[in-house]
């Protein structure tokens, strides 16, 4: 009997090693369901005459740890070009959540997101790199200061377009330029720096209250469970860079869930915000709630729904968290523009 168990254990180790060697576990970022299914593959011996044999828990724990280490390594490798340009970019510490995550979680229900922007002139000014970080900062500020989302707390993307970096209206996705400006300089409210859908000279001497972030970081590993934990723990909209292959379909997203994004090449890269997740009972799959800046006619009131399992749009690959600075730069009188 002992000999049979040893042979079963040896057989399972060989099979597990073969699977890992061919890259089965590391070819794509697995979903929670895929991860559980793959782990279940190595839990049982597969020998019909000994169905009760299981691998030791220590082996399973080590396997999970090795798997997460490899996923983290691959995720961080995806940020290598960004870190070459911005060596100050740090990776977030994964938050600890000591409870079961809910079936759905939506910052809109907590009123921790501001209304969607109507950048209907997106064809003239491709500035999602500014709108996405601003929406995250608004959300973080609302959460940190116990405020309820309203139209009165719109921060200014135009402030970033005119003053932060080189991208302007040219359609870049370098959100680090936006983060650094919001961290070191701060931005004003929309009412004091209106959106003009065109890059103008920076109004550096605008005398108005400026809002800052305290820090920002990139999220790794790029798994469904990790993204959920950041949303649930910090209750802040994430800044998300997506790659769109079928731009026509993306522009005409409605209230249906986007399950795939097929095309021969990436047509556009955009910055959006993940604000929560929900569960589709019909398919028994989770999907992300995504905030865009293309007005309320896009999606469902300005929000789209993207399948969480298949990672369409590479929505898991490049996510960032911002934290707000507790104090802002106050001015006694606002506004007053010296230009």
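Residue numbers (my numbering): 618 to 956.
Where is the CB? At the ideal position from N, CA and C, for every residue including glycine.
Computed from a predicted structure; not experimentally measured.
A straight line joining the alpha-carbon of residue 794 with that of residue 904 spans about 29 Å. At a Cβ-Cβ threshold of 7 Å, residue 890 and residue 854 count as neighbours. At least 7 Å separates the beta-carbon of residue 771 from that of residue 739. In terms of CA proximity to residue 829, 753 leads the group 753, 682 and 704. Taken in chain order, the unbroken stretches of alpha helix (DSSP H) that lie wholly in the region 834 to 878 and span 4 residues or more are 841 to 851 and 864 to 868. One thing to note: residue 923 has its Cβ within 7 Å of the Cβ of residue 875.
In terms of Cβ geometry, residue 837 and residue 693 form a close pair [threshold 7 Å]. A contact between stretches requires three or more CB pairs, one per stretch, nearer than 8 Å, and the region 811 to 821 fails this requirement with the region 913 to 930.
Beta-bridge analysis with DSSP links residue 922 to 874 and 906. Around the beta carbon of residue 929, 16 or more other beta carbons sit within 10 angstroms, so the residue counts as buried.
Relative to residue 775, the option among 850, 711, 801 and 744 whose CA is nearest is 744. Remark: C-beta atoms of residue 695 and residue 746 do not approach each other more closely than 7 Å.
715 is the residue among 926, 906, 715 and 878 whose C-alpha sits nearest the C-alpha of residue 850. Counted as a single uninterrupted DSSP element, the stretch harbouring residue 936 is not any alpha helix (DSSP H) but the beta strand (DSSP E) occupying residues 935 to 941.
Here residue 731 is near residue 755, since their CB atoms are less than 7 Å apart.
Under the three-state reduction of DSSP, residue 769 is assigned to coil, being neither helix nor strand.
Here residue 689 has 837 and 838 as same chain residues with Cβ atoms under 7 Å from its own Cβ, once five neighbours each way along the sequence are excluded. Residue 721 carries a coil assignment under DSSP once its states are collapsed to helix, strand and coil.
One alpha carbon belongs to residue 709, the other to residue 750, and they sit about 16 Å apart. Only exposed fits residue 899, as fewer than 16 other CB atoms lie within 10 angstroms of its CB. Residue pairing by DSSP leaves residue 778 without any beta bridge partner. Less than 7 Å divides the Cβ of residue 864 from the Cβ of residue 885.
Judged by beta-carbon spacing, residue 722 lies within the 7 Å limit of residue 893, meaning their Cβ atoms are closer than that value.
Here DSSP, grouped into helix, strand and coil, assigns residue 828 to strand. If only uninterrupted alpha helix (DSSP H) runs of at least 4 residues are considered, those enclosed by the region 689 to 744 are 697 to 702.
Cβ-Cβ distances below 7 Å link residue 812 to 774 and 775 in the same chain, with the five nearest sequence neighbours on each side left out; the list follows chain order. Annotated three-state conformation of residue 915 is coil, per DSSP. Exposed is the label assigned to residue 762, since fewer than 16 other Cβ atoms lie within 10 Å of its Cβ. DSSP places residue 797 within a helical segment (H, G or I) once states are collapsed to three. Across the set 720, 852, 933 and 705, the C-alpha of 933 shows the shortest separation from the C-alpha of residue 840.
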